[in-house]
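**Student:** Residues 337 to 891 in the numbering used here are what the first sequence spells out, letter by letter. Ideal Cβ positions, reconstructed from N, Cα and C, are used throughout, including at glycine.
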Amino acid sequence: MTEDVKPVNFIRQIIDEDLSSGKHTEIVTRFPPEPNGYLHIGHAKSIWLNFGIKDDYQGKCTLRFDDTNPVREDAEFVTAIEEDVRWLGYKWTAIAHASDYFEQFHDYAVELIRKGLAYVDSLGADEIRNLRGTLSEPGADSPYRNRSIEENLALFSKMRAGEFANGEHVLRAKIDMSSPNINLRDPILYRIRHHPHQRTGDKWCIYPMYDFAHGQGDAIEGVTHSLCTLEFEDHRALYEWFIENLSVPSKPRQIEFSRLNLNYTVMSKRMLTQLVEQGYVHGWDDPRMPTISGLRRRGYTPASIRNFIASVGITKKSNIIEMGVLENCIREDLDPVAPRAMAVLRPLKVVIENYPEGESEILDVPNHPANPDMGTRKITLSREIYIDRDDYMDEPPKKFFRLGPGREVRLRYGFIVKCTDVIRDVTGQAIELRVQFDPETRGGNQPVGRKIKGIIHWVSANHCANAEIRLYDRLFSQANPLADKTKEFTDSINPESLEVLENCKVEMSLSTSSSDTRYQFERTGYFYPDKESSAGKLIFNRIVTLRDTWAKLAG
RNA sequence: UGGGGUGUAGCCAAGUGGCCUAAGGCACCAGGUUUUGAUCCUGGCAUCCGGAGGUUCGAAUCCUCCCACCCCAGCCA
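1) Using beta-carbon positions only, say whether isoleucine 875 and aspartate 866 come within less than 7 Å of one another.
2) Can you give me the Cβ contacts of tyrosine 480 inside the same chain, cut-off strictly under 6 Å, excluding the 5 residues immediately before and after it?
3) Check the DSSP bridge columns for asparagine 877 and list the partner residues they point to.
4) Below 6 Å CB to CB, which residues in the same chain sit around glycine 630 once its five sequence neighbours on both sides are set aside?
5) Are the beta-carbon atoms of alanine 549 and alanine 434 separated by less than 7 Å?
6) Write down every uninterrupted run of the beta strand (DSSP E) in the region 346–397 whose length is 3 residues or greater and which is fully enclosed by it, in chain order.
7) In this structure, how does DSSP classify tyrosine 728 when only helix, strand and coil are distinguished?
8) Can you tell me where the alpha helix (DSSP H) with serine 458 in it begins and where it stops?
9) Within the same chain, show all residues whose beta-carbon is closer than 7 Å to that of isoleucine 663, passing over the 5 residues directly before and after it, in chain order.
10) Looking only at DSSP bridge pairs, what is tyrosine 526 linked to?
11) Please list the terminal residues of the continuous alpha helix (DSSP H) segment that includes tryptophan 886.
12) Just grab the DSSP bridge partners of aspartate 402 for me.
13) Where does tryptophan 423 sit, in a helix, a strand or coil, going by DSSP?
14) Just how far apart, CA to CA, sit threonine 338 and tyrosine 374?
15) Leaving out the 5 sequence neighbours to the left and right, which residues in its chain are closer than 8 Å to leucine 834 when beta-carbon positions are compared?
16) Taking the beta strand (DSSP E) that threonine 716 falls in, what are its first and last residues?
17) CB of isoleucine 641 to nearest heavy atom of the ligand ADP: below 6 Å?
18) Using only alpha-carbon positions, find the residue among Glu731, Pro732, Phe751 that is nearest to serine 718.
19) Can you tell me where the alpha helix (DSSP H) with aspartate 669 in it begins and where it stops?
20) Helix or strand or just coil, what does DSSP make of isoleucine 857?
21) In whole angstroms, give me the CA-to-CA distance for valine 758 and serine 796.
22) Spell out the partners DSSP gives proline 702 in its beta bridges.
23) Considering only residues of the same chain and omitting the five flanking positions on each side of tyrosine 426, which have a CB-CB separation below 7 Å?
24) Could you tell me whether the Cβ atoms of aspartate 700 and lysine 714 are closer together than 7 Å?
25) May I ask you to report which of helix, strand or coil DSSP gives tryptophan 428?
26) Evaluate contact between the region 674–694 and the region 767–776, counting only Cβ atoms and requiring at least three cross-stretch pairs below 8 Å.
27) Can at least three beta-carbon pairs, one atom from the region 512–528 and one from the region 358–378, be found at a separation below 8 Å?
28) Between phenylalanine 812 and isoleucine 791, is the Cβ-Cβ spacing less than 7 Å?
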């Protein structure tokens, strides 16, 4: 699963065959997002596939914006998409836009009209739909289907000139209204949209449909393998029909693969947009979102995402991948390189009664348990410390190796302490622990016969920094938020997907840390400074927890 | 019930007629190491490949029929 293993999948097999048969000598792919939203991890699959092929076969890959529908698209999204692709670690051979080819597409449309293969239809949207037939019944010809070539040419020209209102006419291919494939029932090629385009401005008022733009765009760019998702399988016949009937410069081949789905989240751009616009999350880059920008802000690395895609593979089978696979990838990426630190999320004060008041000691501790090259850092230990509330229980169950009344535990890198007293508030809740330390056990020294299994993290009360820590959990409480068709997917949003802890205590070294370091807070998880974090106010996002056998045992 | 697809373990996924009494990863279970209940290490985890027939000396891989699931009736992509 490392990145130096070349991926094997059915698409690469096809490419290998095309190369060995001499059908192609250079491989050209493209990644074609529509700039109407942010990229999500499902797009990362397509990016990994297309750019990965380009890299491994020394081919070409264009980042091409599929901007054929000006009413939904926005320049804000194109900038964000470029940034996301770059961040994932890929370089495009060229950047292009379907709109770059509008003039050429228009000429192709005229070519079709001249060949008697396209006509201007003056039916309304409802009428067109009614004549299209159904899944099991054939459609019927439009009364305008047999207009003369001259009339079609004249009408289409007027459409372009802006002489008609939206919806008044449309250009259609003349194929077969009784085809069992609905895409072949005289599909619409051009529609009138009096709407400025984010790139071409007011130049056009007719815009090509996806089907009329995509394949021809591929052909113009010399794309050899046009990789798209399963829902376009039915469109392939139309894709090929255009390629066969138009004087395009090359003949690309469309190959479909299945989209990526993850459980406990949604992957449709429409739904992600809804989450953002209706305020269920705090923007496209909310760390709970499966967007590239959300994962980035959360602390995921580009390599972890690439490895994740590589590990799930490319097939034609519909799938829902378990979130645990993604989590495993980021842990795997971070464990060998993340510096360790101690951070107390829910502080509980502990006074070491036999530790001299006003004194302290400096401990030189390793930044990584298995990699001495990562060096050491100094932390201070003194009479008053904080430990995590989770590491103390009034009535510990068996197998709980941490603190409880009368119990012993080791302070990480420090000595063994024994809980001798518990101070409580009026409700009876423990608010402070009194402990005694054993000087014999300093520095990891374990006297014979003393077997202390529990080790807990801590920070010195007078030698720590305050921090806000944001704990993220799955966005939905249902594995498949779309399974129950009687409910809105937003009904299964996890109300505890974000927990903000404002009063965390972290070791001093974190207050001067780089904003681009991902840490492992020992025993709790991997954390990454949020973009809102500053020296005056530390904020960390939890990327993922550590594997937690105890949590599993405790239920 | 038209057309297009897919079915190998809880989730992914190799496998392209004999070396398959079916790789690998995640998850899970059992041990070991460990100053993170982390990491790491060891072992376990499909007599079976959606089902039923058939072809063959031999099938997850070929044929037939059946079943299940996904996609398609936007002037969206």
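**Tutor:** Per the coordinate set shown:
1) For isoleucine 875 and aspartate 866, yes; Cβs fall inside 7 Å.
2) If you ignore the 5 residues before and after tyrosine 480, its C-beta comes within less than 6 Å of the C-beta of Asp457, Ser458, all in its own chain and listed in chain order.
3) For asparagine 877, DSSP records a beta bridge to Arg806, Tyr864.
4) Within the same chain, glycine 630 has close Cβ partners Asp621, Asp622, Pro623.
5) Yes, the Cβ-Cβ distance between alanine 549 and alanine 434 is below 7 Å.
6) Correct list: 364–367.
7) In the structure shown, tyrosine 728 sits in a strand (DSSP, three-state: E or B).
8) Segment: none, serine 458 is in no alpha helix (DSSP H) and carries neither H nor E.
9) A quick correction: the sequence has glutamate, not isoleucine, at residue 663. If the five residues before and after glutamate 663 are omitted, its C-beta is found closer than 7 Å to the C-beta atoms of Val880, all from its own chain and listed in chain order.
10) Answer by DSSP bridge pairing, in chain order: Leu507, Pro544.
11) Note, tryptophan 886: alpha helix (DSSP H), 885–890.
12) As computed with DSSP, aspartate 402 is found in no beta bridge at all.
13) The answer is helix: DSSP assigns tryptophan 423 an H, G or I state.
14) Note on threonine 338: pLDDT 42, under 50, position unreliable in the model; the coordinate value appears next. Computed Cα separation, rounded: 28 Å.
15) Its chain contains Arg624, Arg806, Leu807, Tyr808, Asp809 as the residues whose beta carbon lies nearer than 8 Å to that of leucine 834, once the 5 sequence neighbours on both sides are disregarded; these appear in chain order.
16) First-last of the beta strand (DSSP E) with threonine 716: 712–718.
17) Among the ligands in the structure shown, none appear at all, so the ligand ADP cannot be discussed.
18) The option with the nearest alpha carbon to serine 718 is Phe751.
19) Per DSSP, the unbroken alpha helix (DSSP H) holding aspartate 669 starts and ends at 659–670.
20) The sequence shown places phenylalanine at residue 857, rather than the isoleucine named in the question. Phenylalanine 857: strand per DSSP, three-state reduction.
21) One alpha carbon belongs to valine 758, the other to serine 796, and they sit about 19 Å apart.
22) Beta-bridge pairing links proline 702 to Thr712.
23) Cβ neighbours of tyrosine 426 beyond the five flanking positions: Ile383, Phe387.
24) The Cβ atoms of aspartate 700 and lysine 714 sit closer than 7 Å to each other.
25) Under the three-state reduction of DSSP, tryptophan 428 is assigned to coil, being neither helix nor strand.
26) Yes, the region 674–694 touches the region 767–776.
27) No: fewer than three Cβ pairs fall under 8 Å.
28) No, the Cβ-Cβ distance between phenylalanine 812 and isoleucine 791 is not below 7 Å.
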